[in-house]
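Numbering (the UniProt record's numbering), first residue to last: 1 to 131.
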């Protein structure tokens with residue numbers, strides 16, 4: 001009803017404000033890791049729940065801890081290295097290769113160049129705004 005009153009008045013600014021007030025995003029609790037806590041003026045506060053951490057070294061070496069998402073059951077048991085495909089050991093887990101090592105004819109090279117250019121232009125725009 002409030003929106004229609006604004007339309008009748010012809011006040012576009014108030015109409016836009018009305019829409020923005022009605023369509024704001026609501027806070028959500030993520031994955032059950034946060035508990036709602038009754039709060040004061042600012043609304044309900046969230047409190048972090050302490051998750052259990054595996055400390056048994058034997059279990060850490062033989063199982064992929066945290067892979068069981070069900071209440072019952074067991075984590076996945078790790079197999080010997082010979083049971084896994086050979087390409088798994090060649091997967092790069094560290095930082096990405098430097099730009100000089102990439103092939104200039106690849107998509108990855110040009111994506112990286114574009115990302116670096118965007119970052120540089122953003123920094124230059126910030127510097128120019130401060131002047």
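A virtual CB, placed ideally from N, CA and C, is assigned to each residue, including glycine. A quick note: this is a predicted structure, and the numbers were derived from the prediction, not measured.
Residue pairing by DSSP places residue 63 opposite 77 in a beta bridge. With respect to residue 102, residue 112 sits close: the two C-beta atoms are nearer than 8 angstroms.
Annotation: residue 85 to residue 95 spans about 23 angstroms, alpha carbon to alpha carbon.
A distance below 7 angstroms between beta-carbons, with the five flanking residues on each side excluded, links residue 62 to the following residues of its chain, in chain order: 77, 78. When the alpha-carbon of residue 74 is set against those of 60, 87, 127, 130, the nearest one is in 60.
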